[in-house]
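Asker:
Numbering (this note's numbering), first residue to last: 70 to 121.
#1: Is residue 104 near the ligand HEM, going by C-beta to nearest heavy atom under 7 Å?
#2: What is the rounded straight-line gap between the Cα of residue 94 and the Cα of residue 101?
#3: Roughly how many angstroms lie between the CA atoms of residue 96 and residue 110, to the nearest whole one?
Next comes the structure, spelled out in structure tokens:
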């Protein structure tokens, strides 16, 4: 289903338009930074595991 203005039904575009752009942008940066940190930690542990 679509909203009347043609945005997606999952509400992501709708919520994005409700929030200030800078607020959404800062959340995006935090999310991707956390994801990068998690990937670094996981890859380090995974490499240690493979070397054993």
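The beta carbon of each residue, even a glycine, is placed where N, CA and C say it ideally should be.
Answerer: Looking at the coordinates:
#1: No copy of the ligand HEM appears in this structure; indeed no ligand is present at all.
#2: Per the coordinates, the alpha-carbon of residue 94 lies some 11 Å from the alpha-carbon of residue 101.
#3: 21 Å
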